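Using my numbering, the first residue of the sequence shown is number 1280, and each one after it goes up by one. Each remark here refers to the structure printed beneath this line.
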Amino acid sequence: MVDLKELKERFFSLYGERGKTPAVYFAPGRVNLIGEHTDYNGGYVFPCALNFGTYLVIRPNDEGVVRFASTNFDFRTEVPLDRLSEKVDDQWVNYPLGVINEMIDQGMEPAGFDMLFSGDIPNGAGLSSSASIEMVTADALNDLTGTSLSRLDLVKISQRAENEFVGMNCGIMDQFAVGMGKANHAVFLNCDTLDYELVPLKLKDHRLVITNTNKQRKLTDSKYNERRAECEKAVEYIRREKPIRNLGELSLAEFERLQHLIPDETVRRRAYHVISEDARVLEAIHALKKGDLKRFGELMYESHASLRDNYEVTGIELDTLVDEARQIEGVLGARMTGAGFGGCTVSLVEKDRTDAFIEQLDKAYNAKTGLKADFYVAEVGDGAKRIE
Ligand code: GLA
């Protein structure tokens, strides 16, 4: 947990005590419960916001510069207002800088600010540390500059900052969950229409446990883009008979009928994952609303199997965590969450068995992979907000 008192002291030691009292904003990380690699296909997702994320202490200055610092990285910088559009190679500041540029495009008057960020989300673990830093920046600047963009605008701005400024071609799920999440609810989002519903996350005597593989993710971006391209290819083939815009428009029955149009077996499997995953999201939400957590858990396993076999974005570390979790008593379901290739799994575990689960999985994972996993018992928190 980030200690706010300490964080503000750090802010004052960096930027001095002069001027106005700084404001403090927070944006969470997210975990996706089901609906993976469907967002950029106009499909369904079901993520929730976490109670850990990124804090931003921020105060206006009248010096015509934006100052960026973070407790997580050594790199600090100061950018004059007329040079905000310049990217800084390979640095975390490109996330807030990208947001600032997008907001200027939407009418924000640039102004000087001193900013100190501090995150307690493990970086690169697939829990959306990037969406979290984007949304905390967007929310704070929108408020403090009186730009009055809607929450949905801020979500879209954050996604565009990542796509265009940072250069990662992600879908909208992460920014949406981080922006729109609500404590004890998950966000059922239709990524095509952006219609959404906050569904109470009634887990009864169960908890969500997030397990970090701690595998260094390499090639994630290039593999991610490769999957996106494969899905676009599938759409192109299907369009020979049915004018769809994206795979999310097809039901499983339609896909069965049209799949012969896709000559490439790999591309066919990728499309099958997306369409079957969409169906699983709908069924999982139905099960949750009925209180059928057992079925919800089974669908998590099925989702993982499809990500492993059809979409091929798992790998030995994620597969080991899921296979081992399945052997442990009191576990209803487990799956990878996020882009894959490393990062985290999420498991649905009986409350009273949580400690035993962590202990057993820790041992088994280490024995099979030589790696040490990290565990977080997830609390489902609110989306981005001002806290002071
Ligand atoms: C990453 C992306 C999201 C989504 C997931 C896979 O987290 O940022 O937009 O595509 O991968 O579901």
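Note that the Cβ used here is the ideal one computed from N, Cα and C, for glycine as well. What you are looking at is a predicted structure, and each value in this text was computed from that prediction instead of being measured.
For H1565, the enclosing alpha helix (DSSP H) begins and ends at 1544-1569.
For N1463, the closest alpha carbon among the candidates H1316, V1303, C1327 is that of C1327.
Contact check for I1379 against L1363 passes: the beta carbons are separated by less than 8 Å. Looking at the DSSP output, D1393 bridges to R1338, R1346.
Under the rule that a run must span 3 or more residues, the beta strand (DSSP E) segments found entirely inside the segment 1351-1410 read 1356-1359, 1392-1398.
Distances taken from the Cβ of M1459 to the heavy atoms of ligand 1 include none shorter than 7 Å. Beyond the five residues adjoining it in sequence on each side, R1605 comes within less than 8 Å, by CB distance, of Y1580, A1613 in the same chain, given in chain order. Spanning the alpha carbons of L1487 and R1524 requires a straight line of approximately 35 Å.
With fewer than 16 other Cβ atoms from the protein chains shown falling within 10 Å of its own Cβ, N1645 counts as exposed. Sequence-distant Cβ neighbours of D1500 in its own chain, meaning closer than 7 Å and more than five residues away, are M1447. N1402 and I1412 have their C-alpha atoms spaced approximately 11 Å apart. In this structure, the C-beta of N1589 stays at least 7 Å away from each heavy atom of ligand 1. Counting C-beta atoms within 10 angstroms of its own C-beta, V1415 has 16 or more neighbours from the protein chains shown and is therefore classed as buried. The residue from S1292, T1633, S1408 with its alpha-carbon nearest to that of N1330 is S1408.
Distance from the CA atom of V1457 to the CA atom of E1658, rounded to whole angstroms, is 14 Å. Note on geometry: alpha-carbon atoms of R1548 and T1350 lie some 43 Å from one another. Sequence-distant partners of K1651 (beyond 5 residues in either direction) whose C-beta falls short of 7 Å from its own C-beta, in its chain, are N1493, N1645. In this structure, ligand 1 has no non-hydrogen atom nearer than 7 Å to the beta-carbon of G1570. E1315 has its CB nearer than 7 Å to a heavy atom of ligand 1. Between Y1590 and the set R1507, N1469, E1441, the nearest pair of CA atoms involves R1507.
By the neighbour-count criterion, in which a residue is buried when 16 or more other Cβ atoms sit within 10 angstroms of its Cβ, K1299 is exposed. Taken from the Cβ of N1311, at least one heavy atom of ligand 1 lies inside 7 Å. Around the Cβ of S1427, a 10 Å sphere holds fewer than 16 other Cβ atoms; the residue is exposed. Under the three-state reduction of DSSP output, Y1580 falls in the helix class. Cβ-Cβ distances below 7 Å link A1404 to N1491, G1622, C1623 in the same chain, with the five nearest sequence neighbours on each side left out; the list follows chain order. Burial is judged here by how many other beta carbons sit within 10 angstroms of a residue's own beta carbon; I1666 has fewer than 16 and is exposed. Under the criterion of beta carbons closer than 8 Å, V1310 and T1633 do not qualify as touching, at roughly 16 Å.
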